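Asker: Read in order, the letters of the sequence shown are residues 2 to 187 in the numbering used here. I'd like to ask you about the structure that follows.
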Amino acid sequence: MPNTSHIKRTNTSNQRGFTLIEIIIGIVVLSISIVLLTILIFPQAQRSAEPLLQQRAAALGQAFIDEIGGKSFDENSDRQGGLVRCGEAATTCTAPANLGPDGETRETFDDVDDYHQLQLTVPSLEDALGDDIAARYLGFTYAIDVCYSDNTGVCQATITAFKRIQVTVTTSFGQNFVFTSLRGNY
Numbered sequence: 002m003p004n005t006s007h008i009k010r011t012n013t014s015n016q017r018g019f020t021l022i023e024i025i026i027g028i029v030v031l032s033i034s035i036v037l038l039t040i041l042i043f044p045q046a047q048r049s050a051e052p053l054l055q056q057r058a059a060a061l062g063q064a065f066i067d068e069i070g071g072k073s074f075d076e077n078s079d080r081q082g083g084l085v086r087c088g089e090a091a092t093t094c095t096a097p098a099n100l101g102p103d104g105e106t107r108e109t110f111d112d113v114d115d116y117h118q119l120q121l122t123v124p125s126l127e128d129a130l131g132d133d134i135a136a137r138y139l140g141f142t143y144a145i146d147v148c149y150s151d152n153t154g155v156c157q158a159t160i161t162a163f164k165r166i167q168v169t170v171t172t173s174f175g176q177n178f179v180f181t182s183l184r185g186n187y
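Right, here's the structure in full:
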C-alpha cells in the first residue's frame with residue numbers, strides 16, 4: 002500500500018496563499034507608488050498645458066494690439082487721410098480724464114482710447130473669417146488700459162503725442178501676460 006500521507010503533505014504545500022506579511026508589504030509598496038505619482042507625475046500634466054495657454058494668450062494679446070493700433074489716434078483725429086492731427090489747427094485731443102468710449106459699443110469703437118478700461122471674460126470672439134473662436138479661450142479674461150504717455154511708455158497726466166495701449170490677458174490658470182504698444186499721433 003502506498004504512503005498517502007506523503008502525497009497529501011505535498012499537495013497542501015503547493016496550495017499555499019499569500020501570508021499576512023506579504024500582503025502588508027504589497028500594500029506599503031502600492032501606497033508609496035501612489036504617493037510618488039500624485040506628488041511627481043500628476044502635477045506635470047497641468048504644467049504641460051501651460052505652453053499652450055501661453056501661446057493662446059500671446060495670440061489674443063497680439064490680436065488686440067493689432068486691432069487697437071489700427072484705429073485712429075483720437076476721436077477728433079481726421080479720419081479722411083488729412084494732414085491735420087488732433088491738437089493742431091483748432092482741433093483738440095480728448096482730455097486724459099475723458100478717455101474711454103464716446104457712446105460707442107465694442108463693435109463701433111473708432112479710436113484708440115475707446116478701449117480704455119475694457120475688461121471682459123472672453124464671451125465671444127471671432128477670427129478674421131467670422132468664425133467663433135471663444136472655445137479656444139475658455140476661462141481667459143482680458144483688461145485693456147489706454148493712457149497718454151511719453152515716448153518710453155510712461156503714463157502722463159497731460160495730453161502728449163503718444164498713447165500707451167496695455168493689454169493684460171489672464172489664462173485659465175491665473176497667469177497674467179501684459180502686452181504694451183505705443184500709438185503715435187500721426
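For glycine and all other residues, C-beta sits at the position ideal for the given N, C-alpha and C. In this text the structure is predicted, and so the values were computed from the model without any measurement.
If you draw a straight line from the alpha carbon of residue 52 to that of residue 25, how long is it in whole angstroms?
Answerer: Within the sequence shown, the letter at position 51 stands for residue 52. Within the sequence shown, the letter at position 24 stands for residue 25. Each residue's Cα considered, the two are about 42 Å apart.
Asker: For the putative contact between residue 169 and residue 143, defined by C-beta atoms under 8 Å, what is the C-beta separation to the nearest angstrom?
Answerer: Position 168 of the sequence shown, counted from the first residue, corresponds to residue 169. Position 142 of the sequence shown, counted from the first residue, corresponds to residue 143. Contact flag correct, Cβ pair sits at about 7 Å.
Asker: Could you check the C-alpha separation between residue 113 and residue 160 for me, to the nearest Å?
Answerer: Residue mapping note: residue 113 aligns to position 112 of the sequence shown, counting from 1. Residue mapping note: residue 160 aligns to position 159 of the sequence shown, counting from 1. So the two alpha carbons sit approximately 14 Å from each other.
Asker: With DSSP as the reference, label residue 80 as helix, strand or coil.
Answerer: Start at 1 with the first residue of the sequence shown, and residue 80 comes out as number 79. Three-state DSSP puts residue 80 in coil, outside helix and strand.
Asker: State the DSSP-derived secondary structure class of residue 100, mapped to helix, strand or coil.
Answerer: Translated into the one-based positions of the sequence shown, residue 100 becomes position 99. Coil, per DSSP.
Asker: Taking the C-alpha atoms as reference points, what is the distance between residue 156 and residue 178?
Answerer: On the sequence shown, position 155 is the one that residue 156 refers to. On the sequence shown, position 177 is the one that residue 178 refers to. Using only the alpha carbons, I get a separation of about 19 Å.
Asker: For a quick check, are the C-beta atoms of residue 147 and residue 183 less than 8 Å apart?
Answerer: Along the sequence shown, read from residue 1 onward, the residue named residue 147 stands at position 146. Along the sequence shown, read from residue 1 onward, the residue named residue 183 stands at position 182. For residue 147 and residue 183, no; Cβs fall outside 8 Å.
Asker: Taking just the CA atoms, how far does residue 165 sit from residue 154?
Answerer: Position 153 of the sequence shown, counted from the first residue, corresponds to residue 154. Position 164 of the sequence shown, counted from the first residue, corresponds to residue 165. Taking the straight line from one Cα to the other gives about 6 Å.
Asker: If we count the other Cβ atoms within 10 Å of its Cβ and call it buried at 16 or more, is residue 116 buried or exposed?
Answerer: Residue numbering aside, residue 116 sits at position 115 when the sequence shown is read from its first letter. Its Cβ being crowded by 16 or more others within 10 Å, residue 116 is buried.
Asker: Going by DSSP, name the residue or residues bridged to residue 19.
Answerer: Locating residue 19 in the sequence shown gives position 18, counting from the first residue. Answer by DSSP bridge pairing: none, since residue 19 is not bridged.
Asker: Exposed or buried, what is residue 23 when buried is set at 16 or more other beta-carbons lying within 10 Å of its beta-carbon?
Answerer: Looking up residue 23 in the sequence shown gives position 22. Exposed.
Asker: Can you grab the Cα-Cα spacing for the pair residue 62 / residue 28, in whole Å?
Answerer: Here residue 62 corresponds to residue number 61 of the sequence shown, with the count starting at 1. Here residue 28 corresponds to residue number 27 of the sequence shown, with the count starting at 1. Distance between the alpha carbons of residue 62 and residue 28 is about 50 Å.
Asker: Helix, strand or coil: how does DSSP classify residue 34 here?
Answerer: Sequence index remark: in the sequence shown, residue 34 carries index 33 (1-based). Helix.
Asker: Starting from residue 143, trace the beta strand (DSSP E) both ways and give me its first and last residue.
Answerer: As a first step, residue 143 is located in the sequence shown; it is residue number 142 there, counting from the start. Element bounds for residue 143: 142–150.
Asker: Is it the case that the Cβ atoms of residue 152 and residue 74 are separated by a distance below 8 Å?
Answerer: Numbered from its first residue, the sequence shown carries residue 152 at position 151. Numbered from its first residue, the sequence shown carries residue 74 at position 73. No, the pair does not count as a contact, with Cβ atoms beyond the cut-off.
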